[in-house]
Amino acid sequence: MSSKTRLDRAYKNAKRLKFNDTSKYILFSDCHRGDNSFADDFANNRNIYFHALRHYYMEGFSYCELGDGDELWENITFESIFYAHKNVYMLMKQFHDEDRLHMIWGNHDMVYRDPKYVEKHLSTFFDPKTGNDEDLFCGIQYHEGITLEHTDTKQQLFLTHGHQADWWNYTFWKWSRFMVRMLWKPLNVMGIADPTSPAKNYTELIKIERRTKRWIIENNNLITIVGHTHRPRFPEPGDIAYFNDGSCVHPRSITGLEIENGSISLIKWQIVSSEDGNLKIDRFLLEGPTRLSDYRTD
């Protein structure tokens, strides 16, 4: 199966969501939430992520997670990840309870494409304080893609993880998962990177971007927003409409895409020091805001 076929299928089967110029979305991906061990790349940025996500919750944003939210290659069960970052999941539960949480699966959490697995592991959690199973993400659904369609202009934005253009990590994800658990996780602790990851392999990253851009061109320059490579991308109007929200495991920072007031922006959250020496978490605008209508080709 080719990259084109995989992307075609993800787009065809994508969950459809309506939006307008009053809608507000924050898009993050590649959090790779782990078990808080030395191999947990998310642990370094979890306070930044929690602060940013709480900001978006308070400001009325909906949250779209574009895959690889949970690191289920290095870790066998969701439970170990949940208890390591329980405050994050309880905040995500608030989004879910208000129908403001929209989830996409990637290659590192590809097990979530099985609704039975999701229902079994994500619906409830055991609370030692009450001694009972408590509601978590009851009824949650994971998707391979999500399409946002503007209610007035009918303009579409296609959201997916992006590993459809990475044949190895899509087709042979179980083999990759085995290698990560048995080999690369212990080596990662010693600072040796996994060469199969496009985030660590620049040559493969370029190939994946090229395949995705080719598909975008073939689909009338459809705005396509992905993650997977961890490299933020924000095109100018008139260029190929390939966006990438980056990741939440950059060194000491996270990046994402905001959709607000009919515009899109690339943002970064990081810890900075003030003049008086205090540390604080700040939001920085990297690109935009650019009107989504500027990317229309009709």
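Residues in the sequence shown are numbered consecutively from 2, following this note's numbering. Glycine residues also receive a C-beta, built at the ideal position from the N, C-alpha and C atoms.
Integer-rounded CB distance, given that residue j should sit under 8 Å from residue i
{"i": "Phe-62", "j": "Gly-257", "result": "Going by Cβ atoms, the distance from Phe-62 to Gly-257 rounds to 10 Å, so no, they are not a contact pair."}
{"i": "His-86", "j": "Arg-114", "result": "Actually they are not in contact, since the Cβ atoms of His-86 and Arg-114 sit about 22 Å apart, beyond 8 Å."}
{"i": "Ser-4", "j": "Arg-232", "result": "Wrong, their Cβ atoms sit about 18 Å apart, outside the cutoff."}
{"i": "Leu-102", "j": "Met-93", "result": "6 Å"}
{"i": "Ile-226", "j": "Arg-253", "result": "About 24 Å; that fails the 8 Å criterion."}
{"i": "Ile-241", "j": "Asn-222", "result": "7 Å"}
Pairwise C-alpha distance: residue j and residue i
{"i": "Ser-294", "j": "Gln-156", "result": "8 Å"}
{"i": "Asn-21", "j": "Ile-265", "result": "13 Å"}
{"i": "Arg-297", "j": "Ile-77", "result": "43 Å"}
{"i": "Arg-292", "j": "Ile-224", "result": "12 Å"}
{"i": "Phe-126", "j": "Ile-268", "result": "33 Å"}
{"i": "Arg-215", "j": "Pro-236", "result": "15 Å"}
{"i": "Thr-197", "j": "Asp-277", "result": "Confidence in Thr-197 is poor, its pLDDT being 47 and thus under 50, which makes the residue's placement unreliable; the coordinate value appears in the next sentence. Cα-Cα distance, rounded: 44 Å."}
{"i": "Asp-42", "j": "Glu-75", "result": "11 Å"}
{"i": "Ser-177", "j": "Leu-73", "result": "11 Å"}
{"i": "Gln-95", "j": "Gln-142", "result": "16 Å"}
{"i": "Met-111", "j": "Asn-133", "result": "29 Å"}
{"i": "Ser-275", "j": "Gly-289", "result": "25 Å"}
{"i": "Gly-263", "j": "Pro-129", "result": "44 Å"}
{"i": "Phe-79", "j": "Ser-124", "result": "11 Å"}
{"i": "Arg-17", "j": "Glu-145", "result": "12 Å"}
{"i": "Arg-7", "j": "Thr-230", "result": "17 Å"}
{"i": "Asn-279", "j": "Ile-27", "result": "27 Å"}
{"i": "Tyr-58", "j": "Lys-19", "result": "19 Å"}
{"i": "Asn-45", "j": "Asp-71", "result": "15 Å"}
{"i": "Glu-205", "j": "Thr-131", "result": "49 Å"}
{"i": "Asp-324", "j": "Leu-158", "result": "The requested residue 324 does not occur in the structure, where the chain is confined to residues 2 to 299."}
{"i": "Ala-40", "j": "Ile-255", "result": "18 Å"}
{"i": "Leu-54", "j": "Glu-60", "result": "10 Å"}
{"i": "Glu-219", "j": "Lys-281", "result": "44 Å"}
{"i": "Asn-108", "j": "Thr-154", "result": "33 Å"}
{"i": "Asn-88", "j": "Pro-116", "result": "24 Å"}
Run of the beta strand (DSSP E) containing residue i, from where it starts to where it stops
{"i": "Phe-39", "result": "Where Phe-39 is concerned, there is no enclosing beta strand (DSSP E), given that its DSSP letter is neither H nor E."}
{"i": "Met-104", "result": "102 to 105"}
{"i": "Asp-128", "result": "125 to 128"}
{"i": "Ser-63", "result": "63 to 67"}
{"i": "Tyr-296", "result": "That residue, Tyr-296, is in no beta strand (DSSP E); it is neither H nor E in DSSP."}
Boundaries of the alpha helix (DSSP H) in which residue i is found, first to last residue
{"i": "Gly-52", "result": "One point to set straight first is that residue 52 is His, not Gly, in the sequence displayed. Element bounds for His-52: 47 to 59."}
{"i": "Trp-270", "result": "Per DSSP, Trp-270 belongs to no alpha helix (DSSP H); it is in the beta strand (DSSP E), 264 to 274."}
{"i": "Phe-83", "result": "79 to 85"}
{"i": "Ile-217", "result": "203 to 219"}
Top-ranked residue by Cα proximity to residue i, from the options
{"i": "Arg-284", "options": "Thr-23, Lys-5, Lys-13 and His-56", "result": "His-56"}
{"i": "Glu-66", "options": "Asp-299, Gly-228 and Lys-130", "result": "Gly-228"}
{"i": "Ile-207", "options": "Phe-96, Glu-99 and His-164", "result": "His-164"}
{"i": "Gly-35", "options": "Asn-221, Asp-69 and Thr-23", "result": "Asp-69"}
{"i": "Asn-245", "options": "Lys-281, Cys-139 and Thr-161", "result": "Thr-161"}
{"i": "Ile-49", "options": "Val-250, Tyr-84, Leu-158 and Asp-299", "result": "Val-250"}
{"i": "Asn-14", "options": "Ser-38, Asp-128 and Ile-147", "result": "Ile-147"}
{"i": "Leu-286", "options": "Ile-260, Asp-299 and Asn-279", "result": "Ile-260"}
{"i": "Glu-120", "options": "Tyr-58, Arg-7 and Leu-137", "result": "Leu-137"}
{"i": "Asp-31", "options": "Lys-281, Trp-270, Tyr-118 and Ser-248", "result": "Ser-248"}
{"i": "Asn-37", "options": "Ala-53, Tyr-64 and Ile-82", "result": "Ile-82"}
Residue i Cβ short of 7 Å to the ligand MN heavy atom set
{"i": "Thr-291", "result": "You won't find the ligand MN in this model; it holds no ligand whatsoever."}
Residues bridged to residue i (per DSSP)
{"i": "Leu-73", "result": "Leu-73 pairs with nothing; no bridge assigned."}
{"i": "Thr-148", "result": "Arg-17 and Phe-159"}
{"i": "Val-227", "result": "Asn-245"}
{"i": "Leu-286", "result": "Ile-268"}
{"i": "Ile-260", "result": "Tyr-26 and Ile-265"}
{"i": "Glu-135", "result": "Phe-126"}
{"i": "Ser-254", "result": "His-251 and Gln-271"}
{"i": "Asp-280", "result": "Correcting the residue identity first, residue 280 is Leu in this sequence and not Asp. In DSSP, Leu-280 forms a bridge with Ser-274."}
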